[in-house]
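Protein chains in written order, with this note's numbering: chain V, 9 to 272; chain D, 108 to 430.
Here the structure comes first, spelled out in structure tokens, and everything after it is commentary.
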């Protein structure tokens with residue numbers, strides 16, 4: 009299953025990278041005479057309300073959807089790892105304050121916080137990345153902290169300290185590389201969460217806006233017509249489902265092979 | 108018991124304060140500052156602008172504004188909606204019943220489905236039931252809930268015509284008695300509550316019941332019950348289940364606020380006139396007092412959910428003492 013997941017993930021990545029070469033049509037050129045056509049040999053996944061080719065739009069949409077997810081996860085790592093590392097390494101006040109804050113964020117349904125920030129900043133790709141990444145670091149911080157709590161008691165940490173290595177160097181050179189296995193697993197399993205988050209916001213019309221397109225925003229644009237033109241929402245939805253399943257299977261497989269301790 | 112309740116409430120206070128601080132503070136991250144939020148673009152003159160800023164106390168430093176705002180919240184004054192020109196509290200309160208009608212049936216159905224399946228999965232791990240439950244949990248966790256809802260509408264409402272497409276009730280229902288009205292409401296609930304909210308929730312709950320049950324049936328007192336000759340079925344469904352449900356009750360309290368997040372999506376799909384749709388509309392209109400007010404309500408529910416979880420746990424489990 010993990011290999012199948014890996015294959016799906018790679019396939020979507022290739023599709024996103026080579027969308028301009030793979031797409032049979034221009035995703036933005038409309039042809040009103042061909043509007044709302046069901047799937048056919050000319051338009052494999054049908055056309056939208058302006059006669060644009062759905063297959064091409066889904067291919068281009070994968071670029072934005074995946075870009076947002078990857079950048080949001082990157083931001084989450086960039087915040088989560090230092091916070092988790094400092095909390096776990098120093099303990100005490102640093103630890104209790106940052107972990108209380110994590111608890112606070114985790115107990116509150118993030119959709120409300122995200123939408124509040126979107127209302128303030130206005131929907132755009134960058135706002136989505138910053139907001140989702142800026143709120144999505146709690147899981148990584150917890151994992152890194154838990155690892156650091158164990159690692160700081162290890163003999164090699166004590167040895168490093170004994171020969172006079174500075175705290176920062178111990179944290180980033182000696183301990184951090186040892187946390188990579190769980191971090192890689194958490195990140196892989198974090199990407200599908202970001203894809204789902206982006207799709208939900210774009211579905212509500214508060215994420216990616218036209219002329220840019222993501223899978224969620226394609227579904228949003230299809231909403232007025234979907235009673236008759238089912239292909240407008242079904243195909244982008246299947247793209248989300250397949251991609252998310254791929255990442256989840258890959259993440260599960262990685263967890264089993266990289267870090268058997270995490271298995272539940 | 109009362110002492111315990113009071114103590115738990117006091118512990119919950121920092122949480123509530125923290126959330127108010129975060130959401131109120133967020134309003135000040137706006138490009139252009141807080142005054143840009145409250146002042147209509149139509150206000151042109153510098154003098155008018157300053158008058159408004161003074162009137163709302165926006166010239167005060169942040170801690171003063173926060174304290175004043177908190178003072179008003181405590182008294183139940185959430186301010187006025189910028190768009191609808193009505194008190195925020197009034198707008199929210201009139202939407203709560205619709206949202207509860209959506210979320211409570213979703214919880215009830217999820218619990219009724221999840222407990223038997225979770226127990227069967229735990230008692231016979233890797234059996235057909237267990238594998239199917241695991242697989243469907245994986246799929247439902249990976250599917251956006253709005254997509255499930257839209258597929259259900261296409262299949263059951265548009266193609267088969269079994270269920271209404273959207274809304275809360277049929278307009279112009281013939282000779283409405285309380286029974287036909289009730290059935291009509293149930294039919295309207297199937298997609299938003301059963302499918303959009305329910306499926307993902309149920310899948311998560313099954314995993315939870317399974318792991319809780321899995322632990323309990325390996326306890327000594329379960330072996331004792333078996334040893335003294337109690338029938339297997341009674342051991343599982345009475346002795347074990349009662350103990351396994353303790354953490355499940357807790358998680359229901361903790362998850363309730365997250366169901367409101369799901370309600371935002373479900374209400375949007377099915378044009379259900381609840382709080383979730385009110386929130387989305389407020390976000391679109393940048394109606395900040397209303398957005399803040401709904402956030403406060405969600406925060407309060409988080410606290411209440413935590414509290415209910417603690418209290419029900421203490422009530423159900425005699426090993427936990429209140430004092």
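Glycine is no exception: its CB is placed at the ideal position from the N, C-alpha and C atoms.
CB contact check: residue 25 of chain V to chain D, cutoff 7 Å: no
C-alpha gap between residue 81 of chain V and residue 253 of chain V, whole angstroms: 17 Å
Cβ neighbour criterion (16 or more within 10 Å) applied to residue 271 of chain V: For residue 271 of chain V, the pLDDT reaches just 48, beneath the cut-off of 50, and the residue's location in the model is therefore unreliable, although a value from the coordinates is still provided. Result: exposed.
Chain D residues whose Cβ lies nearer than 9 Å to that of residue 256 of chain V: Scanning chain D for C-beta atoms nearer than 9 Å to the C-beta of residue 256 of chain V yields 245, 248, 249, reported in chain order.
Chain-ordered chain V contacts of residue 125 of chain D [CB-CB under 7 Å]: 112
Local conformation of residue 187 of chain D per DSSP, three classes: Three-state result, residue 187 of chain D: strand.
Paired residues, beta bridge with residue 55 of chain V - DSSP: V:61
Near-chain V residues of the stretch 372-386 of chain D (beta-carbon distance less than 8 Å), N- to C-terminal order: 372, 375, 386
Residues that residue 368 of chain D contacts on chain V, provided the C-beta gap is smaller than 7 Å: 117, 119, 120
Closest residue to residue 126 of chain D among D:362, D:420, D:408 (Cα-Cα distance): D:408
Counted within 10 angstroms of its Cβ, other Cβ atoms place residue 255 of chain V as buried (16 or more) or exposed: Buried, by the Cβ-count rule.
8 Å Cβ shell around residue 10 of chain V - same chain, five flanking residues per side excluded: 257, 258, 260, 261, 262, 264, 265
Contact belief for residue 117 of chain V with residue 151 of chain V at Cβ below 8 Å, rounded distance in angstroms: Residue 117 of chain V to residue 151 of chain V, Cβ: 21 Å. No contact.
Residue interval of the alpha helix (DSSP H) (run including residue 155 of chain V): 146-159
Check whether residue 298 of chain D and residue 351 of chain D have beta carbons under 7 Å apart: no
C-alpha distance - residue 79 of chain V paired with residue 203 of chain V, whole-angstrom precision: 11 Å
Residue 365 of chain D burial status per 10 Å Cβ neighbour count (16 or more: buried): Counting of Cβ neighbours within 10 angstroms places residue 365 of chain D among the buried residues, the total reaching 16 or more.
Limits of the unbroken alpha helix (DSSP H) element including residue 35 of chain V: Neither: residue 35 of chain V is in no alpha helix (DSSP H) and is coded neither H nor E.
Alpha carbon of residue 130 of chain D to alpha carbon of residue 124 of chain V, nearest angstrom: 8 Å
Given 8 Å, three or more beta-carbon pairs between the stretch 319-327 of chain D and the stretch 181-189 of chain D: no
Where residue 73 of chain V falls, given that 16 or more other Cβ within 10 Å makes a residue buried: With 16 or more other Cβ atoms within 10 Å, it is buried.
Simplified DSSP state of residue 194 of chain D, which is helix, strand or coil: strand
Where residue 411 of chain D sits in the DSSP three-state scheme: In the structure shown, residue 411 of chain D sits in a helix (DSSP, three-state: H, G or I).
Cutoff 6 Å; reference residue 402 of chain D; Cβ partners in own chain excluding five residues on either side: Contacts found: 130.
Separation of residue 406 of chain D from residue 161 of chain D, as counted between CA atoms: A straight-line Cα-Cα distance of about 29 Å links residue 161 of chain D and residue 406 of chain D.
Member of D:128, D:212, D:196, D:207 whose CA lies at the smallest distance from the CA of residue 169 of chain D: Ranked by Cα distance from residue 169 of chain D, the first of D:128, D:212, D:196, D:207 is D:128.
Length of the line joining the Cα atoms of residue 154 of chain V and residue 359 of chain D: 26 Å
Local conformation of residue 324 of chain D per DSSP, three classes: Here residue 324 of chain D sits in coil by DSSP.
Helix, strand or coil at residue 275 of chain D according to DSSP, with G and I counted as helix: coil
Heavy atom of the ligand ATP within 6 Å of residue 177 of chain V beta-carbon: The ligand ATP is absent from the structure shown, which contains no ligand whatsoever.
Extent of the continuous alpha helix (DSSP H) run through residue 170 of chain D: Membership of residue 170 of chain D in the alpha helix (DSSP H) is indicated by the continuous run 169-181.
Buried versus exposed call for residue 235 of chain D [16 or more other C-beta atoms within 10 Å across all chains shown]: exposed
Members of the stretch 41-69 of chain V that neighbour chain D once the beta carbon cut-off is set at 8 Å: none
Any C-beta of chain D under 7 Å from that of residue 211 of chain V: yes
Boundaries (first-last residue) of the alpha helix (DSSP H) holding residue 142 of chain V: 133-143
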